[in-house]
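All remarks here apply to the structure that follows.
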Ligand SMILES: Cc1cc2nc3c(=O)[nH]c(=O)nc-3n(C[C@H](O)[C@H](O)[C@H](O)COP(=O)(O)OP(=O)(O)OC[C@H]3O[C@@H](n4cnc5c(N)ncnc54)[C@H](O)[C@@H]3O)c2cc1C
């Protein structure tokens, strides 16, 4: 096991740029590498990304691996990613492999761990090197967020781990950092690739992205139907924010599922989060508990959301919202 | 189309947080009193997806569950929804198995069932929230895998799978047989019909043991676990809520805006 050294981050790109979640991983990976006194490597998979690879050094990686000669396939499948990561793994034998708990990480990490015959821990919010044993303590929410579990791997390397977005702050760029950029080529036996990706359809949200919003007004089951969301929309608009929802409006078909916040939806951390007609289930809070300020409006004084909010009003949202909207409009006018 | 669905019994994941209790010493969750365990919701959606495929293409649905004989109640629930057969796999040696062991046991059971075109699992179990078993089964059986499915159809002798992503969806095709993990976007599972409940209650649920599935017991149980739980705890709440109370809701609402301004939130 001593043969395994260092941390390998499997990075993600959006329009050839390193994503925020990958910068978060880089921050965590840097800390773990420093604690282990071992190198931090970053793998980037994409086309024509030489510049991005160079830039990645400034975020804290000691080595950046990237695919040099364009990819041998038009659109990458999870199977391709696993093959590439496994090939880099075999070259450098890191003791920790980090991925983000995104659509990609959720899919790839289990396959990767199974194919490497090692262990994996999904959706961690904290990673720490135990000072005595030097083992990796992996903390993750379980039971929908009702509890936290801390795991260690037993005699298996590497540790494959996915990290929940927003559980660490993104690494900042330091252009003075030095590192090594390693172009690689990976041969993939296409006959082993079983699946085919026909299309990827992105339903681009209009306006502000939930992950970037400073203000989110979220409505839940208490809104009672799609009409009620007009008030939610209006409040979001006067505050210059955007709207989110819980599972209930998705399941009921009142609002599009792409707005869902929580364990299985968006993970957000705005400055201000309104939880309106929302009971405060842990699976929902998993997506918004990183907000700076949470305001709850709920007609049930016993609702759990009041235990997780900073400010609250016990009342019917139909009464509260029109006044909030008026008052905020008046404020903006002055 | 013959489908195998793997289902798991878990404590009701939607209990109020105040009812959620741990035994810190034994690192175990204390089952909430008076609230019966349920089928993992994502597994129930997997059963629903299987039933939709059966409605369209015919075939047989076999439900596998790993646990004790008490868990046969969720197999019965799946039968009442419309599945054809339920099997419980149980053995002391399986207790405290990790996801790899569970996937190994299920893979052995799937081999024993034999003929199938599709294996469905929920995307994750709502107790440990890991999302591993389906993917490991695919690896064990050397089958193609698509995760986080919201719909499955058949086209040109292959499976066409719609996979949910955060801001849209993807469409994959994979050869048959394959493993697919199912997400909640499938929608509400159907309720068992009266007739379904009656016919399910009359069906036998076979119980399989290690020997029945030719499982190597060194690959199961606590001693085979690749990970160890060192601590289980309930996180501290960091916020203290200031409830704004006034004579009327209207006054409280006005006060809320002023409070938020003072707090620098707007
Ligand atoms: C495995 C799993 C994963 C899940 N993942 C997610 C997830 O990612 N995101 C998510 O959101 N949920 C998720 N859930 C669902 C979650 O457990 C809750 O069921 C859900 O969040 C509840 O939504 P809600 O609070 O909007 O609705 P409810 O629980 O129905 O609460 C409605 C609230 O509105 C209040 N109310 C009613 N009328 C009014 C009114 N007129 N004015 C003011 N208040 C009113 C009520 O007092 C109540 O508190 C998941 C569940 C499971 C099992």
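Chains as they are written, first to last, in the numbering used here: chain A, 10 to 343; chain B, 102 to 367.
Glycine is no exception: its CB is placed at the ideal position from the N, C-alpha and C atoms.
Residue ranges of uninterrupted beta strand (DSSP E) with 3 or more members, entirely inside the segment 323-365 of chain B and ordered along the chain, are 328-334.
Rounded to the nearest angstrom, the gap between the Cα atoms of residue 153 of chain A and residue 216 of chain A is 30 Å. Set against 7 Å, the gap from the CB of residue 306 of chain A to the closest heavy atom of ligand 1 is smaller. For residue 268 of chain B, the C-beta contacts it makes with chain A under 8 Å involve 211, 212, 213, 214, 267, in order along the chain. Those residues of the segment 332-351 of chain B placed with their C-beta closer than 8 Å to a C-beta in chain A are 332, 333, 334, 335, 336, 338, 340, 341, 342, 343, 344, 345, 346, 350, 351, ordered along the chain. Rounded to the nearest angstrom, the Cβ distance from residue 67 of chain A to residue 192 of chain A is 18 Å, too far for a contact under 8 Å.
Here residue 296 of chain B is exposed, its C-beta having fewer than 16 other C-beta atoms within 10 Å. In this model, residue 232 of chain B and residue 115 of chain A are separated by some 8 Å (Cα to Cα). A Cβ-Cβ separation of about 24 Å leaves residue 320 of chain B out of contact with residue 173 of chain B under the 8 Å criterion. Taking residue 177 of chain B as the centre and dropping the five residues before and after it, the same chain places the C-beta of 301 closer than 6 Å to its C-beta, in chain order.
Counting only Cβ-Cβ distances below 9 Å, residue 290 of chain B has no contacts in chain A at all, with the closest Cβ about 11 Å away.
Here the alpha carbon of residue 175 of chain A sits roughly 8 Å from the alpha carbon of residue 299 of chain A.
Straight across, the Cα-Cα distance linking residue 226 of chain B with residue 291 of chain B is about 19 Å.
Under DSSP, residue 275 of chain A forms a beta bridge with A:270. In this structure, residue 308 of chain B lies near residue 170 of chain B, with their beta-carbon atoms less than 8 Å apart. In this structure, residue 228 of chain A sits near residue 285 of chain A, with a CB-CB distance shorter than 8 Å.
For residue 269 of chain A, the shortest separation between its Cβ and any heavy atom of ligand 1 lies below 7 Å. Residue 179 of chain A and residue 31 of chain A have their C-alpha atoms some 8 Å from each other. A heavy atom of ligand 1 is found nearer than 7 Å to the CB of residue 312 of chain A. By DSSP's assignment, residue 269 of chain B forms a beta bridge with A:211, B:266.
Judged by their CB atoms, residue 50 of chain A and residue 94 of chain A are not nearer to each other than the 8 Å cut-off. Between residue 340 of chain B and residue 319 of chain A, the C-beta spacing is below 8 Å. When DSSP states are grouped into helix, strand and coil, residue 253 of chain A belongs to the strand group. According to the DSSP assignment, residue 174 of chain B belongs to no beta strand (DSSP E) but to the alpha helix (DSSP H) extending over 173-182.
In this structure the segment 243-256 of chain B touches the segment 205-224 of chain B; the number of beta carbon pairs closer than 8 Å is three or more. Think of a sphere of 9 Å around the beta carbon of residue 46 of chain A: no beta carbon from chain B falls inside it, the nearest being about 23 Å out.
Look at residue 27 of chain A: its C-beta is not under 8 Å from any C-beta on chain B. Ligand 1 has no heavy atom closer than 7 Å to the beta-carbon of residue 178 of chain B. Here residue 186 of chain B carries a strand assignment [DSSP, helix/strand/coil]. Look at residue 259 of chain A here: in three-state DSSP terms it is helix. Spanning the alpha carbons of residue 133 of chain B and residue 228 of chain B requires a straight line of approximately 13 Å. Neighbours of residue 36 of chain A in chain B, taken as residues whose beta carbon is under 8 Å from its own, are absent, since the nearest beta carbon is some 21 Å off.
Distance between residue 312 of chain A and residue 288 of chain A, taken at the CA atoms: about 5 Å. The beta-bridge partner set that DSSP reports for residue 172 of chain A consists of A:109, A:133.
In this model, residue 207 of chain A and residue 311 of chain B are separated by some 41 Å (Cα to Cα). At least one heavy atom of ligand 1 lies closer than 7 Å to the C-beta of residue 292 of chain A.
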